Ligand SMILES: Nc1ncnc2c1ncn2[C@@H]1O[C@H](COP(=O)(O)OP(=O)(O)OP(=O)(O)O)[C@@H](O)[C@H]1O
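Residue numbers (our numbering): 861 to 1113.
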């Protein structure tokens, strides 16, 4: 799904959180959002998910205004894994992933084989099949995160929004999640703190103080000057054995 942000601004109680953001995200692209704490990444993700209304400007998905899209329509197209998603319901892992299929169910179309298959595939993708019968509240933080991602995958979206999805994950699950996200043939927007992980994105956008201050290929954008100016760190770049850029951070400036 093609996504276009046009001069988007968002405020809460008059405080500007996002200012005049314009960017086009192509169909099938993996777009990374990076920026220091409080720079507006989660706010922008919530706008993309249709959970927060921009105060001016807007978002077009496949040239249609997101704000006018019926909620059910949106839920079939856009899946969002929030940063601090939680549930107080007494759910099993499978029931939590089943929730991803709700947008497809109706009085005329009950739960069917395709729903079952989508849930199974999603559990397998995040290696949580063995936990399917476990109660949510008995899971570790990283296991919960993987279930949230499975729920989003079961939704079979055209746009997947992931807000810091590698938080809580051990290194193996971080790498396997990034490989899984990279391989998905849909449009993906992913907010990340780990700038080395961000180099796996097709393009990245850098937020600073609610403004999009740079957009482009990770190797062009994540240069030493930008890292000093926006993130306040001294960093050097090396080439990894596969030729991809690697950042080494030495100290806070
Ligand atoms: N409901 C709110 N009321 C007031 N200020 C808010 C509200 N929500 C967010 N903010 C402020 O907006 C700014 C952007 O927040 P946001 O969560 O989008 O940043 P972020 O880049 O995702 O940060 P982090 O890296 O810490 O997760 C922050 O300064 C935050 O304190």
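Ideal Cβ positions, reconstructed from N, Cα and C, are used throughout, including at glycine.
Note that this is a predicted model, so its numbers are computed, not measured.
Excluding its 5 nearest sequence neighbours in each direction, residue 892 has C-beta neighbours in its own chain below 6 Å: 1050, 1052, 1058, 1061, 1064, listed in chain order. Closest in alpha carbon position to residue 888, among 1106, 1047, 868, is 1047. CA-CA distance, residue 1091 to residue 1055, rounds to 10 Å. Burial check for residue 944: the Cβ neighbour count within 10 Å stays below 16, so the residue is exposed. Going by DSSP, residue 916 is part of the beta strand (DSSP E) stretching over 916-921.
In this structure residue 979 touches residue 961 by the C-beta definition: roughly 7 Å separates them, less than 8 Å.
Unbroken alpha helix (DSSP H) runs of no fewer than 4 residues, entirely contained in the region 922-952, are found at 931-937, following chain order.
Contact check for residue 1089 against residue 1097 fails: the beta carbons are separated by 8 Å or more. Sequence-distant Cβ neighbours of residue 1034 in its own chain, meaning closer than 6 Å and more than five residues away, are 1026. Residue 918 and residue 865 have their C-alpha atoms spaced approximately 6 Å apart. Following the DSSP letters along the chain, one finds residue 1099 in no alpha helix (DSSP H) but inside the beta strand (DSSP E) bounded by residues 1093-1099. Here residue 1010 is not near residue 1029, since their CB atoms are 8 Å or more apart. Collapsing the DSSP output to three states places residue 1102 in coil. Taking the C-beta atoms as reference points, residue 1072 is found no nearer than 8 Å to residue 863. Linking residue 896 to residue 988 through their CA atoms gives a straight-line distance of about 31 Å. Annotation for residue 1075 indicates a beta carbon at 7 Å or more from all heavy atoms of ligand 1. Taking non-hydrogen atoms of ligand 1 into account, the C-beta of residue 902 is found less than 7 Å away from one of them.
Taking every protein chain shown into account, the CB of residue 971 has fewer than 16 other CB atoms within 10 angstroms, so this residue is exposed. The alpha helix (DSSP H) runs lying completely inside the region 951-1033 and spanning 4 residues or more are 953-958, 973-985, 1001-1014, given in chain order. Annotated as proximal: residue 899 and residue 1069, with beta-carbon spacing under 8 Å.
A heavy atom of ligand 1 is found nearer than 7 Å to the CB of residue 895. The beta carbon of residue 871 is closer than 7 Å to those of 877, 915 in its chain, skipping five residues each way along the sequence. Counting other Cβ atoms within 10 Å of its Cβ, residue 995 stays below 16 and is therefore classed as exposed.
Distance from the CA atom of residue 973 to the CA atom of residue 938, rounded to whole angstroms, is 22 Å. Distance between residue 1112 and residue 998, taken at the CA atoms: about 38 Å. Scanning 1019, 1017, 1021, 985 for the CA closest to the CA of residue 1039 turns up 985.
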